[in-house]
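Residue numbers for the sequence shown, in my numbering: 1 to 206.
Glycine included, each C-beta is placed from N, C-alpha and C at the ideal position.
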Amino acid sequence: MAGKKVSTLFLDIKGGFNNVNTSTLCGMLRAKGVNPYLVSWTRSFLSGRACRLRYQGSPKVFAPVAVGTPQGSPVSPLLFVIYVSRLHCEIPPGLSLSCVDDFGLTVSSVSYRRNIQILQRQYARLKARGARLGVSFSVPKTELIHWRTNRDRSPISNAAIQLDGSVFTPRAEVRWLGYWFTPSFSTTPHFVKRLAKAQAAFVAVK
1 MAGKKVSTLF LDIKGGFNNV NTSTLCGMLR AKGVNPYLVS WTRSFLSGRA
51 CRLRYQGSPK VFAPVAVGTP QGSPVSPLLF VIYVSRLHCE IPPGLSLSCV
101 DDFGLTVSSV SYRRNIQILQ RQYARLKARG ARLGVSFSVP KTELIHWRTN
151 RDRSPISNAA IQLDGSVFTP RAEVRWLGYW FTPSFSTTPH FVKRLAKAQA
201 AFVAVK
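Structure (structure tokens):
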């Protein structure tokens, strides 16, 4: 990517754990050559579940749950990662990274506007693959950033991306996986925010 413009689109799967289809997941495990015993265990683990809402006036009866993995279980994140593994697709001028339900699509080209065009195509592919799995992406949590080095003297790009009728302008700061990123990879904003949070917690304890 040396000498090129680089951009990243950050995406978040909407209600990720709640959309895992048991039959689809077990089919994936079999296709990956997982031991039949573990496939059967997974099906049993995700089947026959029920839940009920607990608030004043709510019905005190359990309702069956047909999809999803139980949140709080240490197995659920692993099963979810396997389930969404099909979302990853090759990006010739870039790469795709994810951590559980957080996705990042990074591309490079001769210009930021060209990056926007590539990201729009890649998002369309990602969205289509997600639809086949029954998952979608949260619009409010979508963010865009155009990376630049300290030596870059070109004007800061305001090239925005339009996805599903919404326009996302490039951000000066993006929080991903607990870290605050800036276009120039400066660490100052991250540590300033972390220090402010620690100071607020210290004052609250006092």
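query, result
"Inter-residue Cα distance where the pair is Gly27 and Lys193", "44 Å"
"C-beta contact flag for Leu177 and Phe103 at 8 Å", "no"
"Endpoints, beta strand (DSSP E) assigned at Pro64", "63-65"
"Rounded distance between the beta-carbons of Leu29 and Leu38, thought under 8 Å", "7 Å"
"Boundaries of the alpha helix (DSSP H) in which Thr22 is found, first to last residue", "22-31"
"Three CB pairs or more closer than 8 Å across the segment 158-168 and the segment 41-54", "no"
"DSSP three-state assignment for His88, whether helix, strand or coil", "coil"
"Cβ pair count under 8 Å reaching 3, the segment 179-192 against the segment 145-161", "yes"
"Span of the alpha helix (DSSP H), counted from its first residue to its last, around Ile118", "112-133"
"Neighbour-count burial assignment, Ser76, 16 or more Cβ in a 10 Å radius", "buried"
"Rounded Cβ spacing between Leu133 and Arg86 (contact assumed at less than 8 Å)", "6 Å"
"CA-to-CA distance, Thr187 to Val107, given in whole angstroms", "22 Å"
"Nearest-angstrom Cα separation, counted from Tyr83 out to Gly68", "11 Å"
"Pairwise C-alpha distance: Arg125 and Asn115", "15 Å"
"Sub-8 Å separation of Val174 and Ile13 beta-carbons", "no"
"DSSP three-state assignment for Val75, whether helix, strand or coil", "coil"
"CB of Tyr112 within 8 Å of CB of Lys5, strictly", "yes"
"Option nearest Glu90 by Cα separation, candidates Tyr55, Leu78, Arg129", "Arg129"
"Pairwise C-alpha distance: Cys99 and His190", "20 Å"
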